[in-house]
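Undergrad:
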Amino acid sequence: MTTLLSTFAEARRSGRPVGIASVCSAHPTVLRAALRRARRNGRPVLIEATCNQVNHLGGYTGMTPRDFVALTRSIAAEEGLDPSLILFGGDHLGPNPWRAEPAAAAMEKAQAMVRAYVEAGFTKLHLDASMACRGDPPALDDATVATRAAALCATAEAAAREKGLPLPVYILGTEVPVPGGADHALDHVEPTDPDAARTTIEIHRTLFAQAGLDDAFARTIAFVVQPGVEFGSDTVIAYDPAKAQALSALLEAFPTLNFEAHSTDYQSAAALAALVRDGYPILKVGPGLTFAYREALYALDLIATELLPGYGDRPLMRTMETLMTADPSDWRGHYHGDEAALRLQRHYSYSDRIRYYWTRPEAQAAVSRLLDALAGRRIPPTLLHQFLPQMAEAAADGSPAEALLIEAVDRVLADYDQAANP
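Residues in the sequence shown are numbered from 146 upward in steps of one, following my numbering.
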């Protein structure tokens with residue numbers, strides 16, 4: 146399966162660019178939508194977990210890498226998907242969850258996490274040691290980042306060989322903005338300077354060689370750069386191929402490599418296709434998928450409010466507001482403004498910090514109550530047109546509410562599928 150990822154650079158050079166969507170989410174509905182689409186089209190699906198979300202200590206989802214693989218495979222079995230079509234990736238694997246600790250301690254935990262990812266069956270690894278730990282200068286130089294990435298790589302290589310597992314392919318590089326989108330107002334984003342990208346690649350090549358990791362570096366398929374693509378709370382910076390032209394041209398000097406953007410959420414179908422064409426074949430998306438899920442859930446909450454006496458006035462939304470105001474740790478610092486602005490951002494921000502709350506028992510109970518209330522009921526087409534107009538025609542056959550949630554996510558994935566497989 147990882148050989149598929151290794152073909153993207155040659156496909157681009159031959160004038161037949163192809164790619165793959167990278168589904169960066171642990172939400173079961175998002176996973177189900179992605180796996181169902183893979184079964185339907187018979188193509189591989191790339192599912193990624195991040196270091197904060199899933200790690201050997203549980204992460205914020207409470208899942209280890211092995212747990213995440215088991216969850217994904219169990220949903221795949223329910224969907225009738227051949228498990229051999231699932232490719233697992235690990236994102237931002239490095240000391241980020243423990244950056245408040247001294248570098249040595251944080252790296253020790255990061256290496257244990259990388260080993261757990263490899264042993265669980267993850268074969269695409271983004272090694273990200275770019276963040277400063279306690280005692281480090283605020284910004285790390287390329288040599289320090291590459292040295293730490295090489296240590297993580299050595300751990301991954303040893304784990305794979307010890308367990309007789311496939312050797313991973315790697316994503317390297319340091320230009321990774323805040324996961325989940327920018328936390329400040331945006332009006333433009335500058336692409337990575339090509340000279341800086343070249344320096345990063347060469348320093349990693351040199352230091353990996355010094356660490357005896359030439360073979361692993363040869364399996365590096367991409368470096369992370371910024372092509373000028375980003376989203377904030379209420380803005381999206383669209384891909385402009387002209388601004389990234391010099392950066393994309395750098396790939397001519399590195400024929401086996403691609404670039405990877407840290408996210409492509411909320412980009413248009415045309416922008417996604419252009420990214421694949423220009424050397425960004427792995428289209429990473431996460432918050433954009435849970436945003437679509439939340440959008441459909443809130444529409445159903447409004448439909449149930451209008452349709453069902455006794456359901457209440459948007460109880461799902463009110464539950465989420467209570468949860469997020471009672472514990473603001475997962476959105477405070479990312480949203481800004483007065484109380485009215487903060488309330489809007491809590492529920493409707495592109496940054497989608499609400500996604501961190503769907504696993505709370507109260508949220509799960511509210512979602513279950515909504516779906517149970519609508520179970521077996523045909524939603525009048527007039528209500529669908531009012532609250533889910535983009536899906537009104539598709540849902541005219543009386544699709545159950547849960548199917549509408551999957552359809553909402555799948556509509557986003559369809560743009561990625563089309564861009565990656567022109």
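Even for Gly, the Cβ is constructed at its ideal location relative to N, Cα and C.
Just so you know, these numbers come straight off a predicted model, no measurement behind them.
1. In whole angstroms, what separates the C-alpha of aspartate 562 from that of isoleucine 427?
2. Ignoring anything shorter than 3 residues, give me the beta strand (DSSP E) runs that lie fully in the segment 185–237, in order along the chain.
3. Distance, Cα to Cα, glutamate 302 vs leucine 447?
4. So alanine 508 and tyrosine 502 are in contact, right, with Cβ under 8 Å, and what is the actual spacing, rounded?
5. With a threshold of 6 Å on Cβ separation, who are the neighbours of serine 494 within its own chain once the five nearest residues in sequence on each side are excluded?
6. Give the DSSP-derived three-state secondary structure of isoleucine 524 in the structure shown.
7. Can you give the Cα-Cα distance for threonine 435 and threonine 206, rounded to whole angstroms?
8. Among residues of its own chain, excluding the 5 on either side of leucine 285, which ones have a beta-carbon nearer than 7 Å to its beta-carbon?
9. What is the DSSP secondary structure of glutamate 405, reduced to helix, strand or coil?
10. Rounding to the nearest angstrom, what Cα-Cα distance links isoleucine 499 and valine 512 in this structure?
11. Quick one: using the 10 Å Cβ neighbour count with 16 as the cut-off for buried, is valine 323 buried or exposed?
12. Could you give the DSSP three-state label for valine 321: helix, strand or coil?
13. Check whether the Cβ atoms of alanine 295 and leucine 358 sit closer than 8 Å, and answer yes or no.
14. Give the single residue among Thr148, Leu226, Thr152, Arg161 whose Cα lies nearest to the Cα of asparagine 186.
15. Using alpha carbons as the reference points, say which of Glu552, Leu312, Gly280 lies closest to alanine 437.
16. Judging by CA-CA distance, which residue of Asp273, Ala265, Thr319, Pro339 is the nearest neighbour of glycine 309?
17. Compute the distance between the beta-carbons of threonine 190 and valine 168, then report whether it is under 8 Å.
18. Taking 7 Å as the limit between beta carbons, can you name the residues of its chain near glutamate 451, skipping five residues before and five after?
19. Taking leucine 396 as the reference, which of Ala416, Phe376, Asp423 has the closest Cα?
20. By the 10 Å Cβ neighbour count, where 16 or more other Cβ atoms means buried, how is arginine 463 classified, buried or exposed?
21. Under 7 Å Cβ to Cβ from proline 267, same chain only, skipping five residues before and after it: list those, please.
22. How many angstroms separate the CA atom of threonine 504 from the CA atom of leucine 238?
23. Is the segment 358–375 touching the segment 407–417 in the sense that three or more CB pairs, one from each, lie closer than 8 Å?
24. Name, in chain order, the residues that DSSP records as bridge partners for tyrosine 493.
25. Quick one, are the C-beta atoms of leucine 489 and leucine 461 less than 8 Å apart?
26. Do alanine 416 and alanine 383 count as a contact pair if the criterion is CB distance below 8 Å?
27. Output needed for arginine 177: all residues of its chain with C-beta closer than 7 Å, excluding positions within five of it in sequence on either side, in chain order.
28. Provide the residue(s) that pair with glutamate 375 in DSSP beta bridges, ordered along the chain.
29. Give the single residue among Asp555, Pro173, Leu149, Gly521 whose Cα lies nearest to the Cα of glutamine 535.
30. So, with DSSP's three-state summary, where would you put leucine 395?
31. Count the other CB atoms, across all protein chains shown, that sit within 10 Å of the CB of glutamate 193; report buried if there are 16 or more and exposed otherwise.
TA: Taking the geometry as given:
1. Answer to the nearest angstrom: the Cα atoms are 11 Å apart.
2. At a cut-off of 3 residues, the continuous stretches assigned as beta strand (DSSP E) that sit fully inside the segment 185–237 are 190–195.
3. Distance between the alpha carbons of glutamate 302 and leucine 447: 51 Å.
4. Their Cβ separation, rounded to whole angstroms, is 5 Å, which keeps alanine 508 and tyrosine 502 in contact under 8 Å.
5. Leaving aside the five residues that flank serine 494 on each side, the residues in its chain whose CB is nearer than 6 Å to its CB run, in chain order, Ser378.
6. In the three-state reduction of the DSSP assignment, isoleucine 524 falls in the coil class, being assigned neither a helical nor a strand state.
7. Going from the Cα of threonine 435 to the Cα of threonine 206 covers about 15 Å.
8. Counting only Cβ-Cβ distances below 7 Å, and skipping sequence neighbours, we find Ser275, Ala277.
9. Assignment of glutamate 405 by DSSP, reduced to helix, strand and coil, places it in the strand class.
10. Taking the straight line joining both Cα atoms gives about 14 Å.
11. In this prediction, valine 323 scores a pLDDT of 41, lower than 50, which makes its location untrustworthy; no coordinate-derived value is stated.
12. Residue confidence for valine 321 is low, a pLDDT of 49 falling below 50, so the modelled location carries little weight; the figure read from the coordinates is stated next. Assigned with DSSP and collapsed to three states, valine 321 falls in coil, not helix or strand.
13. Taking 8 Å as the Cβ cut-off, alanine 295 and leucine 358 qualify as a contacting pair.
14. In this structure, Leu226 is the residue among Thr148, Leu226, Thr152, Arg161 with its C-alpha nearest to the C-alpha of asparagine 186.
15. Ranked by Cα distance from alanine 437, the first of Glu552, Leu312, Gly280 is Glu552.
16. The closest CA to that of glycine 309, considering only Asp273, Ala265, Thr319, Pro339, is found on Ala265.
17. Note that residue 190 is valine in the sequence shown, not threonine. The answer is yes: Cβ separation under 8 Å.
18. Leu528.
19. By alpha-carbon distance to leucine 396, the top candidate from Ala416, Phe376, Asp423 is Asp423.
20. Exposed is the call here.
21. Inspection of the sequence shows that residue 267 is occupied by phenylalanine rather than by proline. Sequence-distant Cβ neighbours of phenylalanine 267 in its own chain, meaning closer than 7 Å and more than five residues away, are Pro210, Phe233, Gly234, Gly235.
22. For the pair threonine 504 and leucine 238, the Cα-to-Cα distance works out to about 23 Å.
23. With the cut-off at 8 Å, the segment 407–417 and the segment 358–375 touch.
24. According to DSSP, tyrosine 493 bridges with nothing at all.
25. Not closer than 8 Å, so no.
26. Cβ atoms of alanine 383 and alanine 416: closer than 8 Å.
27. Counting only Cβ-Cβ distances below 7 Å, and skipping sequence neighbours, we find Ile220, Glu224, Ile551.
28. Paired residue(s): Ile382.
29. Looking at Asp555, Pro173, Leu149, Gly521, the one whose alpha-carbon comes closest to that of glutamine 535 is Asp555.
30. The three-state secondary structure of leucine 395, taken from DSSP, is helix.
31. With 16 or more other Cβ atoms within 10 Å, it is buried.
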